[in-house]
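This report concerns only the one structure given below.
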Amino acid sequence: MRLAAAGLNPIDWKIADGMFGDAMPASFPLVLGSDGAGEVLAIGSGVRRFTIGDAVFGQFQRPAQGGGSYGELALADEDRIAHAARSVTYASSAALPTAGMTAYNLVEETRVGEGRRVLIVGATGGVGTFATQLAAGRGAEVIATARPAKAELMRTLGAAETVDHTAGSVADQVLAAHPDGVDVLIDMTGGPEDFAKMTRTVRDGGIAVSLIGSADADELTEHNLRGFNFVNRPSPQLLEILAGHVDAGRLTVLVGREVPLEEAPEALAASRTGRAQGKTVLAL
Ligand SMILES: NC(=O)c1ccc[n+]([C@@H]2O[C@H](COP(=O)([O-])OP(=O)(O)OC[C@H]3O[C@@H](n4cnc5c(N)ncnc54)[C@H](OP(=O)(O)O)[C@@H]3O)[C@@H](O)[C@H]2O)c1
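Quick note: the sequence shown uses UniProt numbering, first residue 1, plus one each step.
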């Protein structure tokens, strides 16, 4: 692949920090970067779905081989890429794979839809902006966390309401407005203690999901809740669905920043603060 853009995700700096340990062995030198988009430059003999010159997007991180998307040239596994949406730039396509597939699987696995109220904590981030759109698109009532400056944007994306996570307890604010609670909690930011507090917002029998491993299944059962620590299951079919949503105008990709590859270290540092504004894309 000749990549035109790489999309930055928090998992990139988590890999750099060695956070996954033996679960994700790496070869060095290691090129960082899961997500990317660009053009097929050459294909292996068994490749059937792509031909030279195709515009594609997907996931490129192969820590065991040392490969990733933060570079002009990358190797791709056929089953980790798909044809890119026709209506958007490579930068937007590069911002879509990991966060988009995560959001799609989240709304599927929590059965978010018509008549369900869902609280998304971390809604203004990469995963959250996609999850808000996909959940609202299925008819769910979305309550999204957002600072005041982002509230209007989140409503444009389909949120019925926003809660300012900088203005006191999110759980208290949600329960004040909805004493009967929410059906589904999707939490991207809370550690175990904060996640446990946030589950107070979920009605009896509801679902609580953590994206960062904070859910304790036994504790959830004790409180008559269902829940799990989310693990993403990427697939080329999912990439195709997302590209289709983008082309149909059902999914907007919000690229917050586009920076040259040389600025990757600074962009990773910004992501590490948890305050990245929209998706960051590296121009290659
Ligand atoms: N388990 C999995 O398979 C999986 C898959 C994908 C992602 N993840 C993880 O999910 C997390 C989110 O990923 P992402 O790509 O969406 O990150 P991101 O784009 O960096 O977004 C982070 C967002 O969280 C918001 N935020 C930070 N602290 C908050 C708080 N206390 N309350 C409410 N919102 C808060 C930030 O908004 P403000 O700046 O306005 O506070 C920012 O918009 C990361 O830790 C990532 O590693 C896990």
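Just so you know, even glycine gets a beta-carbon here, dropped at the ideal spot from N, CA and C.
Whole angstroms are fine: how far does the CA of residue j sit from the CA of residue i?
i, j, result
"R62", "L3", "15 Å"
"T201", "A23", "33 Å"
"T102", "I186", "11 Å"
"P25", "A64", "6 Å"
"G163", "G256", "A quick correction: the sequence has Val, not Gly, at residue 163. Each residue's alpha carbon lies about 21 Å from the other."
"G206", "T199", "9 Å"
"D180", "N224", "15 Å"
"R138", "Q237", "19 Å"
"L254", "G278", "6 Å"
"H245", "G100", "11 Å"
"residue 288", "G168", "Look at the range of the chain in this structure, 1 to 284, and you will see that residue 288 is not part of it."
"G125", "A276", "7 Å"
"M188", "R233", "17 Å"
"P192", "R117", "23 Å"
"D183", "T98", "25 Å"
"S214", "A42", "42 Å"
"P265", "G44", "32 Å"
"V142", "E258", "29 Å"
"L30", "I212", "24 Å"
Examine ligand 2 and report whether any of its heavy atoms sits within less than 7 Å of the Cβ of residue i.
i, result
"P148", "With respect to small molecules bound, the structure shown includes ligand 1 and not ligand 2."
Please classify residue i: does DSSP put it in a helix, a strand, or coil?
i, result
"R116", "coil"
"A140", "coil"
"I81", "strand"
"G256", "strand"
"L153", "helix"
"G244", "helix"
"N229", "strand"
"E72", "coil"
"I15", "helix"
"D180", "coil"
"R200", "helix"
"F28", "coil"
"D172", "helix"
"D187", "strand"
"G126", "helix"
"D54", "coil"
"G66", "coil"
"T89", "coil"
"residue 285", "Only positions 1 to 284 of the chain appear in this structure, which leaves residue 285 out of reach."
Comparing alpha-carbon positions, which option in the options lies nearest residue i?
i, options, result
"G115", "A135, P265, V246", "A135"
"T132", "G18, L157, A94", "L157"
"R147", "T166, D35, A159, E262", "T166"
"D218", "S210, G227, I212", "G227"
"M154", "L106, V174, V121", "V121"
- Given 8 Å as the limit, is there contact between the stretch 75 to 89 and the stretch 42 to 60, that is, 3 or more CB pairs closer than that? yes
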